[in-house]
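Working notes, beginning with the structure itself.
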Amino acid sequence: MMNTDQFIKKVMEISGIKDKMEAEKSTHIVLSILSHRLLPTEAKDCESQLPEDLKDMWKNDVWITNFYKMSGKKMNFRHKYQLLSLIENELLREGIKIAPETITKAVFHVLKELISHGESVDIEAGLPVEIRNFYKAA
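In the working numbering, the protein residues as written are 8 to 145.
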């Protein structure tokens, strides 16, 4: 099984990020937003396949996920541009200068390598068509 350090290194390779701390923060942003978009049972199923440090990234809030929780709303974005906009805003809050599509694609790609094929298919099934296609292509 891939550990967190290996996961981050693969994200760095694919995305071109040179700074490990930026890669960790970026990964946290993408994983957190993805986990909050899925149904709670599906998010827990995926979480169960992650190493401990990635579980923390998966379930810990970033600013926007915390905002949604506090307002009592579910993250229900339906389009790729909405997903990437949420990620871009979080990247900007952290001062990370990377294209949101680049980091999201990298994190999705490495996540699919880490989890079982069946779990990846379950995640796909829980995503709207545009985002599902983006996830599948990563």
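Where is the CB? At the ideal position from N, CA and C, for every residue including glycine.
Predicted model only: the values in this text are computed from it and were never measured.
message: Looking at residue 58: is its Cβ nearer than 8 Å to the Cβ of residue 10?
response: yes
- prompt: Taking the continuous alpha helix (DSSP H) assigned at residue 90, which residues delimit it?
  reply: 87–101
6 Å Cβ shell around residue 145 - same chain, five flanking residues per side excluded: 112, 115, 116
field: Enclosing alpha helix (DSSP H) for residue 125 [first to last residue]
entry: 124–132
message: Below 8 Å on the Cβ atoms is my contact criterion, and I expect residue 126 with residue 53 to pass it. Report the Cβ-Cβ distance as a whole number of Å.
response: 6 Å
- prompt: On the three-state DSSP scale, how would you describe residue 55?
  reply: coil
- prompt: So, residue 40 versus residue 71, is the Cβ gap smaller than 8 Å?
  reply: yes
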